[in-house]
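Taken in order, these protein sequences are the chains called R and D. Under the working numbering, the residue at position 357 of the first sequence is numbered 357, and the numbers go up by one with no gaps. Each number in the working numbering corresponds to the 1-based position in the second sequence with 1000 added. Notes follow the structure.
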Amino acid sequence: MMKLDAKIPDGPLAGKWDRCRFESRLVSPANKRKFQVLVVGTGLAGASAAATLAELGYQVKAFCIQDSPRRAHSIAAQGGINAAKNYQNDGDSVFRLFYDTIKGGDFRAREANVYRLAQVSNNIIDQCVAQGVPFAREYGGTLANRSFGGAQVSRTFYARGQTGQQLLLGAYSAMMRQVAAGRVTLYPRREMMDLVLIDGKAKGIVCRNLVSGHIERYSGHAVVLATGGYGNVYFLSTNAMASNVTAAWRAYKRGAGFANPAFVQIHPTCIPVHGDYQSKLTLMSESLRNDGRVWVPGKTGDTRKPQDIPEAERDYYLERKYPSFGNLVPRDVASRNAKEVCDQGRGVGDTGLAVYLDFRDAIQRDGIEVILKKYGNLFQMYERITAQDPGSQPMMIYPAVHYAMGGLWVDYNLMGTIPGLFVLGEANFSDHGANRLGASALMQGLADGYFILPYTIGHYLAEAGAAALSTDDAAFAGVEEEAGRRIAALLKNRGTGKKGLETVDALHRRLGLLLWDHCGMARNREGLEKALALIPELRQEFWDRVAVPGSGQELNQSLERAGRVADFMEFAEIMVQDALAREESCGCHLRDESQTAEHEALRDDANFSHVAVWEYAGEGRPAVLHREPLAFENVTPSQRSYK
Amino acid sequence: MAAKTITLNLKIWRQAGAGASGRFEAYRLERLDTDMSFPEMLDVLNERLTLEGREPVAFDHDCREGICGMCGAVVDGIAHGPAKETTLCQLHLRHFQDGQTLTIEPFRAKAFPVVKDLVVDRSALDRVIQAGGFISVNTGSAPDANGIPVPQHKAEQAMDAAACIGCGACIASCPNAAAMLFVGAKISQLALLPQGELEREQRALAMVQAMDREGFGNCTNQRECEAVCPKGISIRNIARLNREFLRAAFIGEPLK
Ligand SMILES: Cc1cc2nc3c(=O)[nH]c(=O)nc-3n(C[C@H](O)[C@H](O)[C@H](O)COP(=O)(O)OP(=O)(O)OC[C@H]3O[C@@H](n4cnc5c(N)ncnc54)[C@H](O)[C@@H]3O)c2cc1C
Ligand code: FES
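Laid out in structure tokens, this is it:
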């Protein structure tokens, strides 16, 4: 039976992190090199952790799926990274960043974790600047900031529209320096297939070498998962193609609690789906809503060109419904309303699944030069993909799955329910509650990797000791065999000439649609129960009918995808169960049954002020729900209102 | 968005593995939506091959947004295809004519051995970065960020260079398979910033040495690299690399 102890230090909020560090055991400098740490994932979280652990003297092995650690999904983040520097002197502080983050998460995150995040945010900026990250600057040479995602202070640091790229290259270069120093060994084109436990502790992983197909064993004194988010369970998302749940899911099946799997963020401003061959969705920065006006035709079935629809027949529905916030309502409200007007048949474009984001008035007011100065690169990006110029006709946008707030449960030390298993970045559930604020994922990934894990892992290692490691343990052999069996099962239809086979992508797409329809922005009991009945059927179909060509002994991209989709097929079930169990609207999600008289989301603190943590109960048995209650001692949960 | 469709004839390099010999295979794809991206077209082909029980074409890709640097192939002799400053994943079929034949092959260079079909091994680039593409600052020892002012125009220039996505197109398109644009971009980014000053000479010498060690060729000013770079990295960075190297060779201490 799983025990959830968040290990939050006692004492006042502002002193908790100091206290934790003071009370943590230390590994002496001379002993650090005796410890081997496996870091899976080289995004912001993994690369920063690997670099810092190696600087401290630990031996690190770093794994990633891509051909180079620099290509992790973090590279795609555009907008920026928050920190409480208050360089703009506009009233920001650690407490304000903490408050905004916890409120933005709709009071479903731990106070202590979020406060620590705000505290270390400033160190991150210092570190990145020292590494040579070319952040935007003012004329005087100081750092520039912008306000992002509706924040009332300018606390977002950015490097053009490529902030994630620059931060990742900073962390990557720090890690490469440690590779040269012999303290980090890189294992690119490796996919973790499973976690190995010895005496109940995380002691190793089993990987597939994606080039040779060999199953490889690696042992360590601790295992760090920084494997990113699971948004691709919906098939279409803004995530990179290889983003997956496999590593986290395998850890779950070995006993790690999975927290809040239903919490997924759906971003309102993405380029709409344009065909059934489509493989991914492209995010358009939400800064566009600062000047663009969102609208659809007032009546259904209006197929006129946007410029032919007179003002009186347009419905600027966000401005109409939310007069004080208008087009700048939070992501979830904007997304939900876009879906609603499209469901009413008022959507635009070929598919009817899009709304307009119109710059006409802003261009008339400020002139095209001013607008292009602000959004030129975004306009170009849009035009490159759609062949339409947003300067002369409105953009079309639609919501898309973007970020997973849910993830493996971790305590204050970032350790999961399996001793020795640490989880960082988007892969854990920690800091964003039921909704993540813009520019805070990069902050969290780097906070975890540079400034939190390096201390907390020492405490664990000091206690656990540096006993000799070996991959000869029977546990490795067992796990390796299971991985081999799974691969064989995925390949079983190959060359059989069996009729009615489907490709991995086709099956994945069906899973995605099912989830989008029943476990998307708005959810209800009926739909969720329906999904719970359909998922096992689809999973069965997957195993019966999946077409995976080639063999396991070579580079086989179909096999790689099939393994990830097989895990999504299982994971989807706890996601829907979690959504069903949470009978409140909160953060990103509306439960139809839980609304105010004005059809706005209604949170239910009396019954749901907790983290929902799912425990694996064995094949064919329903997962067990545990609850970690959330206590608010420094802020008072308020209901959000954007009217 | 346009619902225009075209037919394309593809000649794709197929090679089973690193040691195997390769050859071109022809495929005809009909009714391709011109809003489709290049990798989406390859997806369509691969779905078909899979259902026919044939081997799909292996190709690298991940972000499909032009930023991770994972994708890349040579299309009709041009790395990343005909659209300027565009990665293969951001190249849409509207750039091609109905009935056109396209020859698609992997990035070729001595330092980039083929792994399978269009997939190549670019780990040499990581090793060049290991030689010196960083600023040596341990986590925790950084001064306050505004304690290191950087003139705006320098920061912008550094950012221009830092935009490199490490795809390797510059190398694949260079007749000498030189990595000067890639290395020049990193050297420039760090040389332009005050933070990079301390290790300037050491970095230039070490990265150039690593570049030679990996089997990359020398720059003879062909400018092909700049022409295909999806991020518009300028060959001014190569000039800066040469200056940095010469400067280091004259005044720097010899490499340890
Ligand atoms: C388009 C886009 C824009 C964004 N913009 C912003 C922004 O402006 N600001 C912000 O704060 N956040 C933004 N985000 C969110 C943010 O980018 C991510 O949450 C964050 O980068 C995740 O970092 P990570 O280190 O946790 O994981 P990732 O960067 O996803 O890295 C995961 C790593 O794990 C590896 N991996 C995964 N599975 C396995 C396995 N089984 N075996 C081995 N290795 C594995 C991968 O190879 C990779 O190296 C954006 C996200 C998207 C999609
Ligand atoms: S797939 Fe990332 S740059 Fe093309």
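Quick reminder that beta carbons are idealized off the backbone N, C-alpha and C, glycines included.
C-beta contact flag for residue i and residue j at 8 Å
{"i": "R:His274", "j": "R:Ser335", "result": "no"}
{"i": "R:Ala477", "j": "R:Leu528", "result": "no"}
{"i": "R:Met575", "j": "R:Pro399", "result": "no"}
{"i": "R:Asn82", "j": "R:Ser440", "result": "yes"}
{"i": "R:Ala151", "j": "R:Gly445", "result": "no"}
{"i": "R:Val153", "j": "R:Gly80", "result": "no"}
{"i": "R:Leu13", "j": "R:Ala112", "result": "yes"}
{"i": "R:Asp431", "j": "R:Val114", "result": "yes"}
{"i": "R:Ala617", "j": "R:Val624", "result": "yes"}
{"i": "D:Thr1103", "j": "D:Pro1230", "result": "no"}
{"i": "R:Thr503", "j": "D:Leu1051", "result": "yes"}
{"i": "D:Lys1116", "j": "D:Gly1215", "result": "no"}
{"i": "R:Ser74", "j": "R:Gln131", "result": "no"}
{"i": "R:Ala6", "j": "R:Arg110", "result": "yes"}
{"i": "R:Pro419", "j": "R:Ala259", "result": "no"}
{"i": "R:Ile205", "j": "R:Leu197", "result": "no"}
{"i": "R:Ile271", "j": "R:Thr351", "result": "no"}
{"i": "R:Ala434", "j": "R:Gly105", "result": "yes"}
{"i": "D:Asn1088", "j": "D:Gly1072", "result": "It is Leu, not Asn, that sits at residue 1088 of chain D in the sequence shown. Yes, the pair counts as a contact, with Cβ atoms nearer than the cut-off."}
{"i": "R:Ala222", "j": "R:Leu461", "result": "yes"}
{"i": "D:Cys1258", "j": "R:Arg160", "result": "Absent from the model: residue 1258 of chain D. The displayed extent of chain D is 1001 to 1256, so no value can be given."}
{"i": "R:Ala531", "j": "R:Leu507", "result": "no"}
Residue burial classification, residue i (beta-carbon count within 10 angstroms, cutoff 16)
{"i": "R:Glu311", "result": "exposed"}
{"i": "R:Ala344", "result": "It is Gln, not Ala, that sits at residue 344 of chain R in the sequence shown. Classification for R:Gln344: exposed."}
{"i": "D:Glu1055", "result": "buried"}
{"i": "D:Glu1040", "result": "buried"}
{"i": "D:His1153", "result": "exposed"}
{"i": "D:His1061", "result": "buried"}
{"i": "R:Arg19", "result": "exposed"}
{"i": "D:Val1120", "result": "buried"}
{"i": "R:Phe35", "result": "buried"}
{"i": "R:Ser470", "result": "exposed"}
{"i": "R:Gln278", "result": "buried"}
{"i": "R:Tyr382", "result": "buried"}
{"i": "R:Gln119", "result": "buried"}
{"i": "R:His589", "result": "buried"}
{"i": "D:Val1074", "result": "buried"}
{"i": "R:Arg137", "result": "buried"}
{"i": "D:Met1001", "result": "Interpretation of D:Met1001 is limited by its pLDDT of 44, a score under 50 that renders its predicted location unreliable; the figure taken from the coordinates is listed afterwards. With 16 or more Cβ atoms within 10 Å of its Cβ, D:Met1001 is classed as buried."}
In DSSP terms, what residue i is bridged to
{"i": "R:Gly204", "result": "R:Val196, R:Ser219"}
{"i": "R:Phe325", "result": "BP columns for R:Phe325 are empty, so no partner."}
{"i": "D:Thr1005", "result": "D:Asp1033"}
{"i": "R:Phe422", "result": "R:Val224, R:Met415"}
{"i": "R:Asp358", "result": "R:Arg293"}
{"i": "D:Thr1265", "result": "Residue 1265 of chain D is absent from the model: chain D starts at 1001 and stops at 1256."}
{"i": "D:Ala1079", "result": "D:Val1074"}
{"i": "D:Arg1028", "result": "D:Asn1009"}
{"i": "R:Cys270", "result": "R:Leu283, R:Tyr398"}
{"i": "R:Gln265", "result": "R:Tyr403"}
Pick from the options that is closest to residue i, judged by C-alpha positions
{"i": "D:Lys1084", "options": "D:Glu1244, D:Ala1155, D:Ile1233, D:Arg1243", "result": "D:Ile1233"}
{"i": "D:Met1211", "options": "D:Gln1189, D:Ala1131, D:Ala1155, D:Ile1165", "result": "D:Ala1131"}
{"i": "R:Tyr375", "options": "R:Ala387, R:Phe359, R:Met2", "result": "R:Phe359"}
{"i": "R:Asn649", "options": "R:Arg545, R:Glu526, R:Tyr403", "result": "The structure shown does not extend to residue 649 of chain R, since chain R spans only 1 to 643, so no value can be given for it."}
{"i": "R:Gly406", "options": "R:Gly231, R:Val479, R:Asp199", "result": "R:Gly231"}
{"i": "R:Ser48", "options": "R:Met176, R:Leu490, R:Trp17", "result": "R:Met176"}
{"i": "D:Glu1258", "options": "D:Leu1049, D:Gly1019, D:Asp1033", "result": "One cannot answer for residue 1258 of chain D here, as it falls past the ends of chain D, which runs 1001 to 1256."}
{"i": "R:Cys586", "options": "R:Ala259, R:Asp332, R:Thr42, R:Ala240", "result": "R:Asp332"}
{"i": "R:Asp505", "options": "R:Glu537, R:Pro536, R:Phe542, R:Cys588", "result": "R:Phe542"}
{"i": "D:Thr1101", "options": "D:Leu1010, D:Leu1246, D:Pro1175", "result": "D:Leu1010"}
{"i": "R:Glu313", "options": "R:Ser324, R:Gly301, R:Asp366, R:Thr42", "result": "R:Gly301"}
{"i": "R:Glu340", "options": "R:Pro323, R:Leu328, R:Asp315, R:Ala362", "result": "R:Asp315"}
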